[in-house]
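Line by line, the protein sequences give chains X and W. Heads up, the first sequence stops at 624 in the working numbering, and the numbers go up one at a time, no gaps. Heads up, the second sequence stops at 624 in the working numbering, and the numbers go up one at a time, no gaps. Following: one structure in structure tokens, then a few remarks.
There are 2 protein chains.
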Amino acid sequence: MAKSRTTRPKLRNSILPKVGGKSARREPAEVLAPLVIRMAGYAESQLEQSITAAVRRNAAKAIAVAGNDSVLDDLQTRINREAQQLLIDQRPDQADLNQILGAMRIAGDLERIGDYAANIAKRVRPLAEFSDLPQIGAVSRMGRLVRDLLSSVVTAYSRNDLAGAIEAWHRDEDLDDLYTSLHREVLTYMMEDPRNITGYIHILFIAKNVERIGDHATNIAEMVHLIVTGEPFNKVRPTGDDTSDQLIRPADRDKPAGAND
Amino acid sequence: MAKSRTTRPKLRNSILPKVGGKSARREPAEVLAPLVIRMAGYAESQLEQSITAAVRRNAAKAIAVAGNDSVLDDLQTRINREAQQLLIDQRPDQADLNQILGAMRIAGDLERIGDYAANIAKRVRPLAEFSDLPQIGAVSRMGRLVRDLLSSVVTAYSRNDLAGAIEAWHRDEDLDDLYTSLHREVLTYMMEDPRNITGYIHILFIAKNVERIGDHATNIAEMVHLIVTGEPFNKVRPTGDDTSDQLIRPADRDKPAGAND
């Protein structure tokens with residue numbers, strides 16, 4: 364695939380103080396993007412560690428993740444403070460607003476991603492107790508997919524790369540499909556092995572968290588669209604969770620997937 | 364309990380055009396609050412219908428809710444548009460920003476509440492197929508609690524009622540406790556009755572959605588605090604879900620609750 368086109372943020376002609384302004388103009392993207400990208404890097408690291416801990420069912424590794432969550436909260440607070448200062452000082456036009464409100468929205472999404480990563484990590488300790496649970500391959504596949512997805516949308520934000528954002532946005536569908544099939548697989552395991560139901564429930568909620576992280580990553584892609592084009596991203600996608608009207612009875616496990624849809 | 368003190372939004376001394384402004388000053392609260400309150404009323408109605416459908420396992424009633432979600436999206440779009448116009452036109456000070464960004468945040472929370480209500484409704488149809496599932500009393504108790512909670516925070520927003528917002532915020536703890544005990548109860552049912560696991564999973568996710576709606580209601584309470592006092596609400600509360608490190612084995616059901624914590 365050809366490399367996506369990279370658009371640099373537009374540069375203002377002048378950085379002289381505005382008449383009546385108390386200081387030189389501060390370009391919203393220059394103030395906010397480095398903070399957002401730093402927060403994104405931190406969220407990516409949290410996500411990676413929690414996924415690795417979940418796939419390996421490594422309780423010790425998981426403990427580190429759950430404790431680091433406040434760093435993301437602090438970065439979000441700082442982004443919101445800078446953003447509000449810009450709104451007060453800079454007399455923003457619509458393009459500035461898209462940058463400023465977009466940064467706040469992305470920080471909100473990253474904070475939620477951190478929460479979901481922490482919740483995944485928290486579930487690894489009890490999950491590790493169920494040593495006889497089968498490995499669910501879809502968990503590690505979902506983990507790889509969601510990490511790639513987050514990485515792509517963060518790169519797209521840092522480069523104002525519209526094509527990259529749209530491409531990543533579409534990839535969330537694969538994540539949703541994986542979640543739906545994992546949900547079905549885990550439910551049939553539960554019916555066959557009810558003693559380990561609590562363990563399977565943790566796997567189910569871990570996968571649900573990964574699916575939600577994918578939704579927040581697509582929100583970030585939509586913000587990149589808004590920032591680069593000035594227009595909201597209007598493609599309507601169904602929400603990721605196709606399991607809400609799922610109906611599985613024990614006998615279904617011998618039918619091909621989708622047989623009762 | 365004594366009625367909470369009611370604080371009216373402060374009124375500006377002048378509604379004359381600002382020098383250089385192209386129009387008379389529009390008070391952010393006067394522009395945004397009616398839209399937010401209308402959106403809140405709609406979200407309350409969606410929530411009420413979805414909870415009623417879930418408690419009665421009434422699939423026909425549930426279908427109506429799932430289709431109404433776009434009204435909330437449209438109201439949110441309108442609130443965001445008005446808010447951005449205010450940010451551009453009004454040279455907001457910090458108090459204005461709290462009103463404007465607070466309204467956008469609350470609209471975001473209400474939109475999510477609508478999504479969760481729609482997801483609850485969507486799960487009622489497959490749930491209704493499991494006619495032999497026992498009634499779980501905690502579902503209707505959680506439903507009542509969350510409706511009261513949302514109603515209280517919306518009232519607090521519409522009256523700038525700080526005491527009411529704080530009181531409601533604390534009530535979310537009861538919802539979290541109910542969710543934790545429901546989770547435990549449903550898991551033991553699942554172990555005894557694995558044929559109906561899919562039905563129980565829907566109950567579990569319905570309860571999880573209600574718990575998340577409670578979190579969004581407390582976000583709204585925190586925004587009321589910010590709008591009324593100018594300060595962010597800083598009380599740290601653990602997240603609502605105490606089930607993430609829950610470990611239940613079949614034998615546990617005869618022990619008193621919490622015995623393995």
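Every residue, glycine too, gets a C-beta built ideally from N, C-alpha and C.
query: Check distances from the C-beta atoms of the segment 482-501 of chain W to those of chain X and list, in chain order, the residues that come in under 7 Å.; result: Asn482, Lys485, Arg486, Arg488, Pro489 and Glu492
query: How do the segment 417-437 of chain X and the segment 523-541 of chain X stand: do at least 3 beta-carbon pairs fall below 8 Å, yes or no?; result: no
query: Could you say which of X:Leu508, X:Val549 and X:Ser521 lies nearest to His533 of chain X if we only look at CA atoms?; result: X:Leu508
query: Does the CB of Ile454 of chain X have a neighbour CB from chain W at under 8 Å?; result: First, the amino acid is wrong: residue 454 of chain X is Arg here, not Ile. With 8 Å as the cut-off, Arg454 of chain X counts as an interface residue toward chain W.
query: Please say whether Asp436 of chain X and His579 of chain X have beta carbons closer to each other than 8 Å?; result: no
query: Secondary structure at Asn482 of chain X, three-state DSSP: helix, strand or coil?; result: helix
query: If you draw a straight line from the alpha carbon of Ala481 of chain W to that of Arg389 of chain X, how long is it in whole angstroms?; result: 43 Å
query: May I have the straight-line CA-CA distance separating Arg454 of chain X from Val549 of chain W, to the nearest angstrom?; result: 54 Å
query: Taking Gln447 of chain W as part of the alpha helix (DSSP H), name the residues at either end of that continuous run.; result: Asp432 to Asp452
query: Curious, which full-length alpha helix (DSSP H) runs of at least 4 residues does the segment 547-611 of chain X contain?; result: 560-592
query: My understanding is that Asp432 of chain X touches Gly477 of chain X, with C-beta atoms under 8 Å, so please give their C-beta distance in whole angstroms.; result: 6 Å
query: Just tell me which of X:Ser514, X:Ala531, X:Leu450 and X:Ala387 has its CA closest to the CA of Arg401 of chain X.; result: X:Ser514
query: Cβ closer than 8 Å: which chain W residues qualify as neighbours of Asp608 of chain X?; result: Lys485, Arg486, Arg488 and Pro489
query: List the residues of chain W whose Cβ lies closer than 8 Å to the Cβ of Gln447 of chain X, in chain order.; result: Gln457, Leu460 and Leu464
query: Please check if any C-beta of chain X sits within less than 8 Å of the C-beta of Thr415 of chain W.; result: no
query: Counting pairs of Cβ atoms below 8 Å between the segment 559-567 of chain X and the segment 488-496 of chain X, do you hit three or more?; result: yes
query: Give me the subset of the segment 550-562 of chain X whose CB atoms are less than 7 Å from a CB atom of chain W, sorted by chain position.; result: Leu550, Met553, Met554, Pro557, Arg558, Ile560 and Thr561
query: Leu512 of chain X: which of X:Pro397, X:Val399 and X:Glu411 sits nearest, CA to CA?; result: X:Glu411
query: How many angstroms separate the CA atom of Thr606 of chain X from the CA atom of Val573 of chain X?; result: 14 Å
query: Suppose you measure from the CA of Lys424 of chain W to the CA of Asp604 of chain W; what does that come to, to the nearest Å?; result: 29 Å
query: Under 8 Å, do Ile451 of chain W and Gln448 of chain X count as touching if we go by C-beta distance?; result: no
query: Beta-carbon of Asp605 of chain X versus every beta-carbon of chain W: anything under 8 Å?; result: no
query: With a cut-off of 8 Å on the beta carbons, I'd call Ala570 of chain X and Lys485 of chain X a contact; round off their distance for me.; result: That pair is no contact at about 15 Å.
query: Identify whether Glu492 of chain X lies in helix, strand or coil by the three-state DSSP scheme.; result: coil
query: Helix, strand or coil: how does DSSP classify Gln457 of chain X here?; result: helix
query: Taking Cβ positions only, does Ile451 of chain X come closer than 8 Å to chain W?; result: yes
query: Drop a sphere of 10 angstroms on the beta-carbon of Leu575 of chain X, count the other beta-carbons inside from all chains shown, and report buried for 16 or more, exposed for fewer.; result: The sequence as given places Arg at residue 575 of chain X; Leu does not occur at that position. Under this definition Arg575 of chain X is a buried residue.
query: Listed from N- to C-terminal order along the chain, which residues in the segment 565-587 of chain W have their beta-carbon within a distance smaller than 7 Å of any beta-carbon of chain X?; result: none
query: Only counting the same chain, and skipping five residues up and downstream in sequence, which positions put a Cβ closer than 6 Å to that of Tyr479 of chain W?; result: Asn572, Arg575 and Ile576
query: Report, in whole angstroms, the separation of the C-beta atoms of Val516 of chain X and Ile566 of chain X, which I expect to be a contact under 8 Å.; result: Actually they are not in contact, since the Cβ atoms of Val516 of chain X and Ile566 of chain X sit about 26 Å apart, beyond 8 Å.
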